[in-house]
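Structure first, then comments.
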Amino acid sequence: MPVRSPTLAAAALLAALIVAPTVGAAPASTGQGTVHSVAERARPAVVQITTQQAVSDVFGQSFQAQSGVGSGVIYDASGLILTNSHVVDQSSSLLVSLPDGRTFPGTLLGQDRLMDLAVAKVDPESGGSLPVNELGDSSSLSVGDEVVAIGNALALPGGPTVTAGVVSALDRAVQEPGNGSGNPGPYLYDLIQTDAAINPGNSGGPLLDMDARVIGINTLAAGSAGSTMAQGVGFAISINAARPIAAQLAAGQTVFHPYLGIAYVAMNPGLAWQLNMTVQQGLLVTSVASGSPAASAGLQRRDVIVQVDGQPIRDETTLGRVLNRHAPGDQVQLTVDRAGSRPTLTVTLGKRSE
5 MPVRSPTLAA
15 AALLAALIVA
25 PTVGAAPAST
35 GQGTVHSVAE
45 RARPAVVQIT
55 TQQAVSDVFG
65 QSFQAQSGVG
75 SGVIYDASGL
85 ILTNSHVVDQ
95 SSSLLVSLPD
105 GRTFPGTLLG
115 QDRLMDLAVA
125 KVDPESGGSL
135 PVNELGDSSS
145 LSVGDEVVAI
155 GNALALPGGP
165 TVTAGVVSAL
175 DRAVQEPGNG
185 SGNPGPYLYD
195 LIQTDAAINP
205 GNSGGPLLDM
215 DARVIGINTL
225 AAGSAGSTMA
235 QGVGFAISIN
245 AARPIAAQLA
255 AGQTVFHPYL
265 GIAYVAMNPG
275 LAWQLNMTVQ
285 QGLLVTSVAS
295 GSPAASAGLQ
305 RRDVIVQVDG
315 QPIRDETTLG
325 RVLNRHAPGD
335 QVQLTVDRAG
345 SRPTLTVTLG
355 KRSE
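Numbering of the sequence shown is given in our numbering, commencing with residue 5 and proceeding in unit increments.
Here it is, written out as C-alpha cells:
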C-alpha cells in the first residue's frame, strides 16, 4: 500500500517549522562539548617540557644533556605551568615548547614529590601573550563522564596528541613506581581513573572535561616504568587536590604534609596467626619514631590501628587517605587494638616536607 502524502496545510506547517524555528528555541549546535572542540580550545596551552641535566664526559668536562620529555599546562596568563614533579625532577634547566612553535626557557618555581606536582614558569615575549587553560572543579565529576587527555605522548613530533575516554572511577589511591634506587614511590590519593589512553610523555598534561576545563593532571599510565597496571588504565591527580598545592608552589612556599611518625603493615589472617593476635584487619604498627606525634599520643609498637576518625581501616590506603585531607596541627582520632583492649588516642599531626 503506498504511503499517503500529507495535506497541503500540513505540508505548509511542516515547511514553516523547518524554515523558521520557534521563538526561544536553542541555537544550533556549534560543536561545543565534542572531543574536537575540546582539543581546539585546550591544545594550544598544552606544552612540551624538555629537561636537561648537567653531566660529565669521559674527560670530566661538564655539559648539558637532555634527560627527559613530558607535558604541562599553562593555567595562568603570567606563564605559570602545572606539571608533574617527576617530569622536572633533578633537572638543571627546562625548555618549554608551545604547539604554535614558540619555545621559552622555563624556571622551576617549586615541586612537591609526595603529590607528584610541580609549577614552572615562562616569561612571554614583550607584547606577546600566552594561551591559557581554565582550571575546573573535579568534585563535579561522576563515573562515566567523558574526558579528554592531551599531552606529548612518546615525545612524538607534531605537538600534543589527543585521546578521549570516560571517568572510570574516582578517589583512587595508587602507589607510583620507584625511582630506580630501590625506594618505593609515594602513594597518591584523590586520583581520577580513566580509560583515555595515557602514554609515557603524557605525564603532566591535562585531563579535561567536555567544557575544556582542566579537571586533572595526568600522572600515571599503564606501561609506565615499574607499573604493573592493566592496559587501558590511567590516573590523573584531581585538580581540586592540585590547586592549593600549585598556589603554594607558585608563591615559592614549601608544601608541608601531615606527619604521624610510624611504620606499619596491613594485617591479614596469616599475620594475625603468626603473631598470635585475634584482630585480623587493620594496620600493625611496626615502629614508632622517637619524639613523633604518634609517640607523644601514646601509640605503641604492636598496636593495630583499626579506625581513624571513626572510619574502619579497610586496607593499607585508608589511613593515608584520611591524613591526606588534614593539615599539620590538626588532630585525628586513632582507635587501636592493644592486646584486646580498644583505646582511642588523639594525635596532633606534625609536619613534614617531601
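Ideal Cβ positions, reconstructed from N, Cα and C, are used throughout, including at glycine.
None of these values were measured; they are calculated from a predicted model.
Tell me, please, which residues DSSP counts as bridged to P109. Residue numbering aside, residue 109 sits at position 105 when the sequence shown is read from its first letter. BP columns for P109 point to L99.
Report yes if the C-beta distance between F260 and R176 is below 8 Å; otherwise report no. Numbered from its first residue, the sequence shown carries residue 260 at position 256. Numbered from its first residue, the sequence shown carries residue 176 at position 172. Result no, Cβ atoms of F260 and R176 do not sit closer than 8 Å.
What is the C-beta distance between G286 and I309, in whole angstroms, given that I count them as a contact (C-beta under 8 Å)? Residue mapping note: residue 286 aligns to position 282 of the sequence shown, counting from 1. Residue mapping note: residue 309 aligns to position 305 of the sequence shown, counting from 1. Indeed they touch by this definition, with Cβ atoms about 5 Å apart.
For S294, is the classification buried or exposed, using 16 other Cβ atoms within 10 angstroms of its Cβ as the cut-off for buried? Taking the first residue of the sequence shown as 1, we reach residue 294 at position 290. With fewer than 16 other Cβ atoms within 10 Å, it is exposed.
Can you tell me where the alpha helix (DSSP H) holding T322 begins and where it ends? The residue you call residue 322 lines up with position 318 of the sequence shown. Note, T322: alpha helix (DSSP H), T322 to N328.
Roughly how many whole angstroms lie between the Cα atoms of P316 and T87? In the sequence shown, residue 316 corresponds to position 312, counting from 1. In the sequence shown, residue 87 corresponds to position 83, counting from 1. Between P316 and T87, the C-alpha separation is close to 34 Å.
Exposed or buried, what is P248 when buried is set at 16 or more other beta-carbons lying within 10 Å of its beta-carbon? As a position in the sequence shown, residue 248 is number 244, starting the count at 1. P248 comes out exposed.
Taking Cβ to Cβ, would you say A46 is nearer than 8 Å to G76? Start at 1 with the first residue of the sequence shown, and residue 46 comes out as number 42. Start at 1 with the first residue of the sequence shown, and residue 76 comes out as number 72. Their beta carbons are not under 8 Å apart, which means A46 does not touch G76 by this criterion.
When the Cα atoms are used, what is the spatial distance from P332 to L195? Translated into positions along the sequence shown, residue 332 becomes position 328. Translated into positions along the sequence shown, residue 195 becomes position 191. P332 and L195: Cα-Cα distance of roughly 22 Å.
Would you give the residue range spanned by the alpha helix (DSSP H) that G274 belongs to? For the purposes of this step, residue 274 is taken as residue 270 along the sequence shown, with counting starting at 1. Unbroken alpha helix (DSSP H) run through G274: P273 to L279.
DSSP beta-bridge partners of S75: Working through the sequence shown from its first residue, we reach residue 75 at position 71. In the DSSP output, where bridge partners are listed per residue, S75 has Q52.
Starting from I315, follow its DSSP beta bridges and name the residues at the other end. The residue given as residue 315 occupies position 311 in the sequence shown. Correcting the residue identity first, residue 315 is Gln in this sequence and not Ile. According to DSSP, Q315 bridges with V312.
Beta-carbon contacts of G83 that lie in its chain and below 7 Å, excluding the five residues immediately before and after: Residue 83 sits at position 79 when you count from the first residue of the sequence shown. Taken in chain order, the residues that qualify are K125, V126, D127, P128 and L134.
Can you tell me which of the three DSSP states Q284 falls into? Within the sequence shown, residue 284 is the residue found at index 280, counting from 1. Residue state, collapsed to three classes: coil.
For H90 and R117, the rounded distance between their alpha carbons: Taking the sequence shown and counting its residues from 1, one reaches residue 117 at position 113. Taking the sequence shown and counting its residues from 1, one reaches residue 90 at position 86. Looking at the two C-alpha atoms, the distance is approximately 7 Å.
Do you know how far the Cα of P181 is from the Cα of D319? Residue 319 sits at position 315 when you count from the first residue of the sequence shown. Residue 181 sits at position 177 when you count from the first residue of the sequence shown. The alpha-carbon atoms of D319 and P181 are separated by roughly 19 Å.
Decide yes or no for the touch test of the segment 140 to 151 against the segment 203 to 215: beta carbon pairs closer than 8 Å, at least 3 of them. yes
Just grab the DSSP bridge partners of A81 for me. Taking the first residue of the sequence shown as position 1, residue 81 is located at position 77. DSSP output for A81 lists no bridge partner at all.
Can you name, in chain order, every residue of its own chain whose Cβ lies under 6 Å from the Cβ of R217, other than the five neighbours on each side? Residue 217 sits at position 213 when you count from the first residue of the sequence shown. Result list for R217: E138 and G140, in chain order.
Buried versus exposed, by CB contacts within 10 Å (16 or more), Q197: Here residue 197 is taken as the residue at index 193 of the sequence shown, counted from 1. By the neighbour-count rule (16 or more Cβ atoms within 10 Å), Q197 is buried.
Quick one: grab the DSSP three-state call for V39. Taking the sequence shown and counting its residues from 1, one reaches residue 39 at position 35. V39 falls in the helix class under three-state DSSP.
Decide yes or no for the touch test of the segment 250 to 260 against the segment 276 to 286: beta carbon pairs closer than 8 Å, at least 3 of them. no
Kindly indicate which residue of Q311, R329 and V152 has the alpha-carbon position closest to the one of P347. In the sequence shown, residue 347 corresponds to position 343, counting from 1. Considering only alpha carbons, the answer is Q311.
Straight-line gap, N203 to I241 (C-alpha atoms, nearest Å): Reading the sequence shown from its first residue, position 199 is the one you call residue 203. Reading the sequence shown from its first residue, position 237 is the one you call residue 241. Near 15 Å, if we compare the C-alpha coordinates of I241 and N203.
Rounded to the nearest angstrom, what separates L360 and M119 at their Cα positions? It is not possible to answer for residue 360, since the shown part of the chain is limited to 5 through 358.
Where do the ends of the alpha helix (DSSP H) carrying V126 lie? Residue 126 sits at position 122 when you count from the first residue of the sequence shown. From DSSP, V126 is part of no alpha helix (DSSP H); its letter is neither H nor E.
Bounding residues of the beta strand (DSSP E) (the contiguous stretch that carries P262): Residue numbering aside, residue 262 sits at position 258 when the sequence shown is read from its first letter. H261 to Y263 is the extent of the beta strand (DSSP E) around P262.
Establish whether the CB of A246 and some CB of chain B are separated by less than 8 Å. Among the protein chains of the structure shown there is no chain B, as only one such chain exists.
Tell me which residues share the same chain as G208 and place their Cβ nearer than 6 Å to its Cβ, disregarding the 5 neighbours each side in the sequence. Taking the first residue of the sequence shown as position 1, residue 208 is located at position 204. The answer, listed in chain order, is G74, S75, G76, T87, N88 and V91.
Could you compute how far the alpha carbon of L98 sits from the alpha carbon of S345? Along the sequence shown, read from residue 1 onward, the residue named residue 98 stands at position 94. Along the sequence shown, read from residue 1 onward, the residue named residue 345 stands at position 341. Those two C-alpha atoms are separated by around 56 Å.
Starting from P210, trace the beta strand (DSSP E) both ways and give me its first and last residue. To locate residue 210, count along the sequence shown from 1; it is residue 206. It spans P210 to L212 - the beta strand (DSSP E) in which P210 sits, taken as one unbroken run.
Assuming A298 contacts V351 (C-beta within less than 8 Å), just tell me the rounded distance between them. Residue mapping note: residue 298 aligns to position 294 of the sequence shown, counting from 1. Residue mapping note: residue 351 aligns to position 347 of the sequence shown, counting from 1. About 6 Å; that satisfies the 8 Å criterion.
Can you look up N88 in the DSSP assignment and give me helix, strand or coil? Here the question's residue 88 lines up with position 84 in the sequence shown. N88: coil per DSSP, three-state reduction.
Would the beta-carbon of V166 fall within 8 Å of that of V39? The residue you call residue 166 lines up with position 162 of the sequence shown. The residue you call residue 39 lines up with position 35 of the sequence shown. Cβ distance < 8 Å, so V166 and V39 count as in contact.
Which same chain residues end up closer than 6 Å to P262 when comparing Cβ atoms and leaving out the 5 residues on each side of it in sequence? Within the sequence shown, the letter at position 258 stands for residue 262. L327, H330, P332 and L353.
Residue from A122, P103 and N206 whose Cα sits closest to the Cα of T111: Taking the sequence shown and counting its residues from 1, one reaches residue 111 at position 107. Out of A122, P103 and N206, A122 has the C-alpha closest to the C-alpha of T111.
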